[in-house]
Amino acid sequence: MEKFISHTGTAVPLRRSNVDTDQIIPAVYLKRVTKSGFEDGLFAAWRNDPEFVLNQPQYKEATILVAGADFGTGSSREHAVWALQNHGFKAVISSRFADIFRGNSLKGGLLTVILPQDVVEKIWNAIEADPSTPVTVDLEAKNVRLGSEIYPFELDDYTRWRLMEGLDDIGLTLKNIDEVTAYESKRPSYKPKTLPARS
Amino acid sequence: MVNLRGSSPNEGAGMSKTLAEKIWADHVVRSAEGEPDLVYIDLHLIHEVTSAQAFDGLRLAGRIVRRPDLTIATEDHNTPTLNIDQPIADPVSRLQVDTLRKNAAEFGIRIHSLGDAEQGIVHVVGPQLGITQPGMTIVCGDSHTSTHGAFGALAFGIGTSEVEHVLATQTLPLVRPKTMAINVDGVLPEGVTAKDVILAIIAKIGTGGGQGYVIEYRGSTIRNLSMEGRMTICNMSIEAGARAGLIAPDETTFEYVKRKPHAPQGEDWDAAVAYWKTLHTDEGAKFDTEIFLKAEELAPFVTWGTNPGQGLPLNASVPNPADIADVEERGAAERALTYMGLEAGVPLKSIKVDTIFLGSCTNGRIEDLRAAAEIIKGKKKADSVRMLVVPGSARVRLQAEQEGLDKVFIDFGAEWRNAGCSMCLGMNPDQLAVGERSASTSNRNFEGRQGKGGRTHLVSPLVAAATAIRGTLSSPADL
């Protein structure tokens with residue numbers, strides 16, 4: 001996984017709450033067996049509308065998505081994270097994220113930043129007034145910066161460290177695999193097994 | 001720093017614990033300061049849509065599946081419900097299913113493919129095989145994994161990165177969730193089902209109300225539900241934002257599991273039941289949040305908008321966004337009404353529906369089919385509607401046919417299909433057309449969920465059946 005330390009880019013305002021993962025990428029786009037190429041499906045239904053914010057030329061190059069509350073609700077599809085990344089997004093800012101989406105994004109290196117709704121409103125106003133405003137999402141300093149404004153955000157130290165080092169979770173767990181083996185030796189015999197199959 | 005193990009009100013050895021805290025504690029492999037807990041996973045369910053990239057990851061890293069004997073795969077999300085004896089017509093869907101079959105063969109994983117009696121929606125298959133049992137940790141790359149919480153298991157949906165993690169290690173690093181109790185007490189009025197209870201709960205706490213929580217459903221109303229009803233409730237926990245929802249196991253649970261193929265046998269059964277009987281929230285244990293509902297105040301429920309929290313009793317009218325104080329919610333309601341093609345103030349019961357979908361992991365089990373069949377028996381569907389009946393699994397379909405339910409549906413004018421997720425998510429050919437309106441027993445009314453431009457009203461199987469007869473949103477009491 002690519003390390004995330006700090007990112008500066010322009011941002012696009014998505015003034016909608018409850019953006020579910022079916023909107024981020026509809027089910028018909030989920031049939032690929034790779035992790036790439038999902039940008040075609042990103043907000044597919046909304047992108048038919050020429051007025052939709054992602055279709056506006058001033059936001060075409062944006063790498064930070066600033067969305068309404070409860071972003072990423074619904075289906076657990078990690079394709080939603082891949083679609084955002086395939087399109088070029090490095091970070092998403094919202095006042096609230098759905099749990100599964102948030103977990104997926106932080107596993108995959110798409111930084112989801114939680115800021116209070118009034119700050120989200122300020123950022124929306126700023127990037128609508130001037131879409132070329134540079135926005136910095138700084139994981140090391142745990143803040144978002146626009147011009148002279150600095151907005152701090154929280155992220156637990158463990159996840160922050162893992163993202164900044166670009167570490168693979170599986171590799172970290174495998175370092176402690178002996179503890180997994182020890183746990184398994186104590187599992188009760190009544191716990192079900194799928195093999196051999198009974199029916 | 002942020003305390004990764006949360007701030008439980010029941011901290012400390014010897015303290016009273018909630019059900020979720022007990023199951024969590026029994027599965028912690030490793031707990032270290034400043035790290036998430038490493039939690040053991042008892043069962044990993046797999047399907048075609050969220051697994052291919054995980055298996056690729058294993059291959060790239062030269063890793064194996066640690067516990068194929070705690071893993072099971074089936075085909076459900078993109079599979080057709082017609083002509084299942086023929087190759088899947090859509091080449092992209094076919095490749096995805098073939099990829100799952102190849103991965104299962106390569107890594108030694110049990111798979112139930114199209115045409116197999118145990119094939120079906122992954123959350124129907126687990127319980128019917130009896131591999132879903134109390135006190136387990138269960139995951140699947142599907143958000144409706146919360147369904148299995150009905151057995152008193154800690155069950156939740158995961159993304160593909162986590163699928164790969166479980167395949168490789170049989171564990172997940174997890175931050176301990178907060179606990180929420182939702183207490184429902186009293187006797188449900190006639191015609192009010194588990195589906196109406198959960199829709200009312202979501203409308204009350206909102207789609208984000210359960211974020212960061214595991215919900216425990218409690219109270220006499222919940223106790224009196226069948227396992228099927230409990231699964232319907234737990235299934236939609238995710239629609240309230242909670243990754244998991246569960247219900248303490250009791251005699252109803254034990255009786256259900258006992259008859260299933262993978263139930264513990266002999267001494268194992270006795271040991272299992274002895275353990276399962278300890279799986280309840282202790283007297284005096286505290287939840288981070290508690291919610292209370294009275295069963296007597298509930299009614300058949302229906303959604304009018306484009307998220308599952310936008311629901312009302314069927315007797316109500318389409319709300320007026322101008323009456324909503326919260327700016328965000330008002331905007332969402334305005335957009336929802338535009339998308340749904342609805343006018344504020346119109347009685348919900350006057351809304352004409354084009355398609356009835358009976359099925360899904362929410363309401364595709366045998367009891368759901370029986371309940372709908374009871375309403376429509378000997379009647380004909382309204383000429384203006386089409387009705388799809390999609391059993392949750394091939395075994396449910398078989399059982400329904402043994403009970404003659406297929407004939408009831410066919411005589412009524414409905415289409416009797418093969419098992420799968422089908423129109424719940426419109427990934428296979430079963431989709432709504434642009435502007436088409438459904439009454440659906442599924443779980444999500446998101447824009448375009450059942451087909452691009454389709455409009456979904458979430459309902460119970462009883463309301464679906466009554467609506468199919470009248471052609472407008474209706475409850476059995478309207479017949």
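Residue numbers (our numbering), protein chains in the order written: chain A, 1 to 199; chain B, 1 to 479.
Beta carbons: idealized from backbone N, C-alpha and C, even for Gly.
Beta carbon proximity, residue i to chain B, threshold 8 Å
{"i": "residue 192/A", "result": "yes"}
{"i": "residue 104/A", "result": "yes"}
{"i": "residue 18/A", "result": "yes"}
{"i": "residue 41/A", "result": "no"}
{"i": "residue 108/A", "result": "yes"}
{"i": "residue 179/A", "result": "yes"}
{"i": "residue 173/A", "result": "yes"}
{"i": "residue 195/A", "result": "yes"}
{"i": "residue 11/A", "result": "no"}
{"i": "residue 176/A", "result": "yes"}
{"i": "residue 185/A", "result": "no"}
{"i": "residue 100/A", "result": "yes"}
{"i": "residue 199/A", "result": "yes"}
{"i": "residue 242/A", "result": "Nothing can be reported for residue 242/A, as the shown portion of chain A is limited to 1 through 199."}
Cβ distance (whole Å) where residue i is taken to contact residue j below 8 Å
{"i": "residue 203/A", "j": "residue 136/A", "result": "The requested residue 203/A is not part of the displayed model; chain A covers only 1 to 199."}
{"i": "residue 397/B", "j": "residue 419/B", "result": "6 Å"}
{"i": "residue 119/A", "j": "residue 151/A", "result": "5 Å"}
{"i": "residue 202/B", "j": "residue 236/B", "result": "7 Å"}
{"i": "residue 430/B", "j": "residue 81/B", "result": "6 Å"}
{"i": "residue 186/B", "j": "residue 294/B", "result": "5 Å"}
Minimum Cβ-Cβ distance from residue i to chain A less than 8 Å
{"i": "residue 87/B", "result": "no"}
{"i": "residue 173/B", "result": "yes"}
{"i": "residue 256/B", "result": "no"}
{"i": "residue 268/B", "result": "yes"}
{"i": "residue 2/B", "result": "Residue placement at residue 2/B is flagged as unreliable, the pLDDT there being 39, under the threshold of 50; the coordinate-derived value follows with that caveat. For residue 2/B, the answer is yes, since a Cβ of chain A falls inside 8 Å of its Cβ."}
{"i": "residue 78/B", "result": "yes"}
{"i": "residue 288/B", "result": "no"}
{"i": "residue 292/B", "result": "no"}
{"i": "residue 92/B", "result": "yes"}
{"i": "residue 141/B", "result": "yes"}
{"i": "residue 64/B", "result": "no"}
{"i": "residue 358/B", "result": "no"}
{"i": "residue 230/B", "result": "no"}
{"i": "residue 406/B", "result": "no"}
{"i": "residue 71/B", "result": "yes"}
{"i": "residue 68/B", "result": "yes"}
{"i": "residue 195/B", "result": "no"}
{"i": "residue 363/B", "result": "no"}
{"i": "residue 123/B", "result": "no"}
{"i": "residue 307/B", "result": "yes"}
Beta-bridge partners of residue i, as assigned by DSSP
{"i": "residue 415/B", "result": "388/B"}
{"i": "residue 37/B", "result": "174/B"}
{"i": "residue 73/A", "result": "20/A"}
{"i": "residue 290/B", "result": "181/B"}
{"i": "residue 311/B", "result": "303/B"}
{"i": "residue 356/B", "result": "387/B and 439/B"}
{"i": "residue 217/B", "result": "182/B"}
{"i": "residue 48/B", "result": "Residue 48/B pairs with nothing; no bridge assigned."}
{"i": "residue 393/B", "result": "120/B"}
{"i": "residue 152/A", "result": "143/A"}
{"i": "residue 71/B", "result": "44/B"}
{"i": "residue 14/A", "result": "67/A"}
{"i": "residue 317/B", "result": "347/B"}
{"i": "residue 6/A", "result": "138/A"}
{"i": "residue 30/B", "result": "38/B"}
{"i": "residue 458/B", "result": "440/B"}
CB contact check: residue i to chain D, cutoff 8 Å
{"i": "residue 170/A", "result": "No chain D appears in the structure shown, which is made up of the protein chains A and B."}
*With a floor of 4 residues, list each alpha helix (DSSP H) that falls wholly inside the region 98 to 181 of chain B, ordered by position along the chain.*
Complete alpha helix (DSSP H) runs here, min 4: 122 to 129 and 160 to 169.
*Can you list, in chain order, the residues of the region 59 to 80 of chain A whose Cβ is nearer than 7 Å to any Cβ on chain B?*
Under the 7 Å Cβ criterion, the region 59 to 80 of chain A contributes 68, 69, 70, 73, 74, 75, 76, 77 and 78.
*asked:* Give the list of continuous beta strand (DSSP E) stretches no shorter than 3 residues that lie fully inside the region 75 to 144 of chain A.
replied: Qualifying beta strand (DSSP E) stretches, in chain order: 91 to 94, 111 to 114 and 135 to 138.
*Compile a chain-ordered list of the residues in the region 19 to 34 of chain A whose CB is closer than 9 Å to at least one CB of chain B.*
20, 21, 22, 23, 26, 27, 28, 30, 31, 32, 33 and 34
*Which ranges would you report for the beta strand (DSSP E) in the region 211 to 265 of chain B if only whole runs of at least 3 residues count?*
213 to 218 and 244 to 246
*For the region 419 to 439 of chain B, enumerate the residues whose C-beta is nearer than 7 Å to any C-beta of chain A, in chain order.*
Under the 7 Å Cβ criterion, the region 419 to 439 of chain B contributes 425, 426 and 427.
*Along the region 319 to 336 of chain B, what residues have a CB closer than 9 Å to any CB found in chain A?*
For the region 319 to 336 of chain B, which is checked against every Cβ of chain A, the residues closer than 9 Å are 328, 329, 331, 332 and 335.
*What residues from the region 23 to 54 of chain B come within 8 Å of chain A, judged by C-beta to C-beta, listed N to C?*
29, 30, 34, 35, 36, 38, 40, 42, 43, 49, 50, 52 and 53
*Residues of the region 82 to 98 of chain A with Cβ closer than 7 Å to any Cβ of chain B, in chain order*: Residues of the region 82 to 98 of chain A with a C-beta less than 7 Å from any C-beta of chain B: 96 and 98, listed in chain order.
*Using Cβ-Cβ distances below 7 Å, what residues of the region 144 to 167 of chain A are close to chain B?*
154, 156, 157 and 158
_Residues, ordered as in the chain, of the region 116 to 144 of chain A that lie near chain B by beta-carbon distance below 7 Å_ = none
*May I ask you to list, following chain order, the residues of the region 201 to 227 of chain B that have a beta carbon less than 8 Å from some beta carbon of chain A?*
Answer set for the region 201 to 227 of chain B: 207, 208, 211 and 212.
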